[in-house]
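Here is the structure we will look at.
4 protein chains.
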Amino acid sequence: MAQKSTPAPRRMPRQDRSRAMVDRILDAGQEMLIAHGYDGASTNRIAAAAGISPGSLYQYFPNKDAIAAAVIDRYSDQLSARVAARVSERLDQPAPHYVRESIAALLDALDVHPDFLRAVMEQTPRLGSGSKLLAFEQRIGELTVAYLTINKGVVRPDATFETAAWMLVRMVEHLCVRYILDQPAIDRDTFIDEITVMALNYLRPWPTPPEDCFP
Amino acid sequence: MAQKSTPAPRRMPRQDRSRAMVDRILDAGQEMLIAHGYDGASTNRIAAAAGISPGSLYQYFPNKDAIAAAVIDRYSDQLSARVAARVSERLDQPAPHYVRESIAALLDALDVHPDFLRAVMEQTPRLGSGSKLLAFEQRIGELTVAYLTINKGVVRPDATFETAAWMLVRMVEHLCVRYILDQPAIDRDTFIDEITVMALNYLRPWPTPPEDCFP
Amino acid sequence: MAQKSTPAPRRMPRQDRSRAMVDRILDAGQEMLIAHGYDGASTNRIAAAAGISPGSLYQYFPNKDAIAAAVIDRYSDQLSARVAARVSERLDQPAPHYVRESIAALLDALDVHPDFLRAVMEQTPRLGSGSKLLAFEQRIGELTVAYLTINKGVVRPDATFETAAWMLVRMVEHLCVRYILDQPAIDRDTFIDEITVMALNYLRPWPTPPEDCFP
Amino acid sequence: MAQKSTPAPRRMPRQDRSRAMVDRILDAGQEMLIAHGYDGASTNRIAAAAGISPGSLYQYFPNKDAIAAAVIDRYSDQLSARVAARVSERLDQPAPHYVRESIAALLDALDVHPDFLRAVMEQTPRLGSGSKLLAFEQRIGELTVAYLTINKGVVRPDATFETAAWMLVRMVEHLCVRYILDQPAIDRDTFIDEITVMALNYLRPWPTPPEDCFP
DNA sequence: CATGAATGAGCTTTCATTCAT
DNA sequence: CATGAATGAAAGCTCATTCAT
């Protein structure tokens, strides 16, 4: 009856436009980080790569570091999502397969943008400690604790779950990262096998000492 | 005896003077890296901290990156030496003790300058890839291969030594670094125990099937 | 009576709305000038403080300087009004009392917004020379000329009224401003007494030589 | 006997070179302040006007404000010196002549760079309060107190010297400044006469009220 | 060899102003 | 009229590097 009080919906309402702009900036930031490293990724270059003026950057981010942090945060979210997507599909698989799959998922996720991974790991100073990368580690750690708690039957009884999770998460993460960045002469499947073994054996309850066996 | 034209024999011949100068610069560089991070460690600051003029830096190093690289190289050498010193004392110990000791040695060595470790790991871009840190990893890797070869009896037969060494070295190194930088709520001895377990179990041969034991 | 198409008579016709808007902007401008000085009083800040968009400022003022000028003009008008109000009440008082009161009125008027007075005097460049502050001086000057003309009997005969007025006005104004801004260790009443003396004595005729008195 | 330990004096030893450079910068800063006002006197412009690179400015001054402050300080010193030079020549003159001469000296000193005086007074925000301009006022104030103390015989007995000096100094200074900046239609000599009268009459001990004379 | 003043490109960031919506 | 995103020139300042002394 009365006219619509809200104007006709535009193709791009404010919030979407803003989100698109932020994304363009983050894309540009990521590009520049890859191409020039953190120091070389000047705000002017980022603005140019995003096709906007230098001043416009500052309508979306308070300073350069915030851009870099947001780029890394977005990357963390992508990592997180990619890993979660694949892992959640195999929740029903037996434990060792599940572990192997998780590691494979992480490795593949990291391998989507190896050049950016390198830029982040080797060129970018650790900015505000509240990055989502740490949250990612944290979250994986908690999942690991949960996993260990559920499977406590196959874990050696003297292990502290928190400690074990802390070690496992960082071990797996770092080896996967280094595998991609350093490209050692190790076959991909072999590598995944080995890292799976390292993870599983770490907490494996070993049978009573062999010397009992051969007295 | 002393020649007449030269007033007195210099305590420091050219090469030694030069070496001493380089060391002062490296000390200054290390200080500035710790105090201000890579970006904040300007050549002017380094020169001032070394008590020389900015121009003189370039008599000893071609550019800023070379200074940082040299600082890190020297640190790698110190690490290397500290670890080697302690490890070589226990060459005769039984394998598990030896491994544990090596890990403890590394952890202690990294803990000598935790602030510099943080500066290098979190603030300093990876410079020329020829750093001695990689050489350190390389060397430890070779030692590990040797160790595995010697102890091949207690290693699961399907393992490739090179692969295993690559994984072990990076795992141990990274976990030790993160332990120092992140200070997780894990007791130091416990941590060393756990990392030792992870290393040893990784290659531990799954005992011949239990049914062999109880025929 | 009321037309049908317009839902209800607006309380505020166009011109009044506009005037109200201008006042809000001037309030905001004054605030920002006080809080941040001229350079720190950015148009964005003023717009925000006025609760409008940056673009809307330019509906009412052609540029930033015009805002500052208008703020100062309004202040001049307020000063003017405050002084005039008090002075006009005492037009019947004897001359010295009248002068004293005028000075006191000015001092009080300046002391209503000492922080803004400081911002204007110490932080704000002199903008377009047509400011009302000069008009204020001009007007007071004319009043002074009139006053002198009326009281020419007690003024030394060699004085040019225009010159005397020019000097008196600037002297009184500046000393009052400095008194407020610098807060010297002078009692307020004493200060007013002194400035009154300075003004009155300036034009006081040197009495006919004493020897005329005692013949 | 022994060789001179200090090397042969160069045409321009370090300190002199430095002083010359500082002077060039101050000249350039003064020019730019005059030509473009404080806001328009950018560091780049100053550097260009001084014929040096922008970076070189910062070897002599920590920031833009320091340059402006130094320019004003130097000007204050020049003012101070010019006034002092002329005043000290007439120390033996009778009081009223001495006062008149001092005022004339100040007026002439201010009139040497009227454009810069305008730039300072109308365009430049008050920077660090410790400027030499205030010291100049302070110093003149103290001299005035001394003068009044010496001549206390011809000063009305109820005057506080500190208060009187505060008022006199600011009155004289401001009127002279305004005279130069506003160029009122007042003859220079007349102006000096008037200001002298204002100063002298302010403290003049007036004879017993005239009404005693004509009962 | 040592010096340190000088360089100058380039950095991050601001802000008065405009204009499509 | 109001909006506020976008602009882009320009600001203040830094710093790795050079070179005349």
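Top to bottom, those sequences are chains A, B, C and D. As numbered in the UniProt record's numbering, residues 1 to 215 make up the first sequence, in order. As numbered in the UniProt record's numbering, residues 1 to 215 make up the second sequence, in order. As numbered in the UniProt record's numbering, residues 1 to 215 make up the third sequence, in order. As numbered in the UniProt record's numbering, residues 1 to 215 make up the fourth sequence, in order. We treat Cβ as the ideally placed atom computed from N, Cα and C, and that holds for glycine.
Pick helix, strand or coil for residue i, following the three-state DSSP scheme.
{"i": "I192 (chain A)", "result": "helix"}
{"i": "V112 (chain A)", "result": "coil"}
{"i": "L33 (chain C)", "result": "helix"}
{"i": "Q183 (chain B)", "result": "coil"}
{"i": "R156 (chain D)", "result": "coil"}
{"i": "W206 (chain A)", "result": "coil"}
{"i": "R74 (chain A)", "result": "helix"}
{"i": "L91 (chain A)", "result": "coil"}
{"i": "S5 (chain A)", "result": "With a pLDDT of 42 at S5 (chain A), under the threshold of 50, the modelled position of that residue is not reliable, and the figure given next carries that caveat. Three-state DSSP puts S5 (chain A) in coil, outside helix and strand."}
{"i": "L127 (chain C)", "result": "coil"}
{"i": "N63 (chain D)", "result": "coil"}
{"i": "residue 217 (chain B)", "result": "Since the displayed chain B opens at 1 and closes at 215, residue 217 (chain B) lies outside it and no answer follows."}
{"i": "A41 (chain D)", "result": "coil"}
{"i": "G141 (chain B)", "result": "helix"}
{"i": "N201 (chain A)", "result": "helix"}
{"i": "S53 (chain C)", "result": "coil"}
What does a CB cutoff of less than 7 Å around residue i pick up in its chain, not counting 5 residues either side in sequence?
{"i": "W166 (chain B)", "result": "G141"}
{"i": "L200 (chain B)", "result": "P96 and V99"}
{"i": "D115 (chain D)", "result": "I34"}
{"i": "M32 (chain C)", "result": "A41, R45, I46 and A49"}
For residue i, which residues of its own chain have a beta-carbon under 6 Å away from its beta-carbon, when the five flanking residues on both sides are left out?
{"i": "R118 (chain C)", "result": "L181"}
{"i": "V145 (chain D)", "result": "F161 and A165"}
{"i": "A109 (chain C)", "result": "L79, R82 and V83"}
{"i": "D111 (chain B)", "result": "I180"}
{"i": "A105 (chain B)", "result": "V83, R86 and V87"}
{"i": "S102 (chain D)", "result": "V87"}
{"i": "Y38 (chain B)", "result": "Q123 and T124"}
Along chain D, in chain order, which residues have C-beta atoms closer than 8 Å to that of residue i?
{"i": "I103 (chain C)", "result": "Residues of chain D passing the Cβ test: none, with the nearest at roughly 12 Å."}
Using the beta-carbon of each residue, which ones in chain D are nearer than 7 Å to residue i?
{"i": "E142 (chain C)", "result": "Ordered by position in chain D, no residue passes the 7 Å Cβ test against E142 (chain C), which lies about 14 Å from the chain."}
{"i": "N201 (chain C)", "result": "N201, Y202 and R204"}
{"i": "L175 (chain C)", "result": "M167, R170 and M171"}
Should residue i go down as buried or exposed, given a rule of 16 or more other Cβ atoms within 10 Å for buried?
{"i": "S18 (chain C)", "result": "exposed"}
{"i": "L91 (chain A)", "result": "exposed"}
{"i": "V154 (chain D)", "result": "exposed"}
{"i": "A85 (chain A)", "result": "exposed"}
{"i": "T196 (chain C)", "result": "buried"}
{"i": "Q30 (chain D)", "result": "buried"}
{"i": "S42 (chain B)", "result": "exposed"}
{"i": "F214 (chain C)", "result": "Caution is warranted here: a pLDDT of 42 is assigned to F214 (chain C), below 50, making its placement in the model unreliable, and the coordinate value is therefore given only provisionally. So F214 (chain C) ends up on the exposed side."}
{"i": "T149 (chain C)", "result": "exposed"}
{"i": "R178 (chain C)", "result": "buried"}
Residues of chain D with CB closer than 9 Å to the CB of residue i, please, in chain order.
{"i": "D189 (chain C)", "result": "Per Cβ cutoff of 9 Å: no residues; D189 (chain C) is ~12 Å from chain D at best."}
{"i": "T43 (chain C)", "result": "Result: empty, since nearest Cβ-Cβ is about 15 Å, beyond 9 Å."}
Can you name, in chain order, every residue of its own chain whose Cβ lies under 8 Å from the Cβ of residue i, other than the five neighbours on each side?
{"i": "S131 (chain C)", "result": "A69, I72, D73 and S76"}
{"i": "E137 (chain A)", "result": "V169, R170 and E173"}
{"i": "Q15 (chain B)", "result": "none"}
{"i": "R156 (chain D)", "result": "L203, R204, P205 and W206"}
{"i": "V120 (chain C)", "result": "L33, I72 and Y75"}
I want to verify the contact list: residues of chain B whose CB lies under 8 Å from the CB of residue i, in sequence order.
{"i": "D39 (chain A)", "result": "D39 and P125"}
{"i": "T196 (chain A)", "result": "Correct list: empty, because the minimum Cβ distance to chain B is about 11 Å."}
Of the residues the options, which one's Cα is nearest the Cα of residue i?
{"i": "A20 (chain D)", "options": "D:R45, D:L57 and D:G37", "result": "D:L57"}
{"i": "G51 (chain B)", "options": "B:T163, B:L26, B:T190 and B:Y202", "result": "B:L26"}
{"i": "T190 (chain B)", "options": "A:S53, A:D187, A:E101 and A:T163", "result": "A:T163"}
{"i": "Y147 (chain D)", "options": "D:Q93, D:R45, D:T43 and D:Y60", "result": "D:Q93"}
{"i": "E194 (chain A)", "options": "B:L175, B:A159 and B:Y179", "result": "B:A159"}
{"i": "D23 (chain B)", "options": "B:A185, B:Y60 and B:I192", "result": "B:Y60"}
{"i": "T124 (chain C)", "options": "C:A66, C:G55 and C:R188", "result": "C:A66"}
If the cut is a Cβ gap below 7 Å, which residues of chain B does residue i touch?
{"i": "P184 (chain A)", "result": "W166"}
{"i": "E122 (chain A)", "result": "P125 and R126"}
Give the interface partners of residue i over in chain C, defined as CB-CB distance under 7 Å, in chain order.
{"i": "R178 (chain D)", "result": "R170"}
Given that residue i touches chain A, what residues does it touch there, using C-beta distances under 7 Å?
{"i": "T163 (chain B)", "result": "I186, T190 and E194"}
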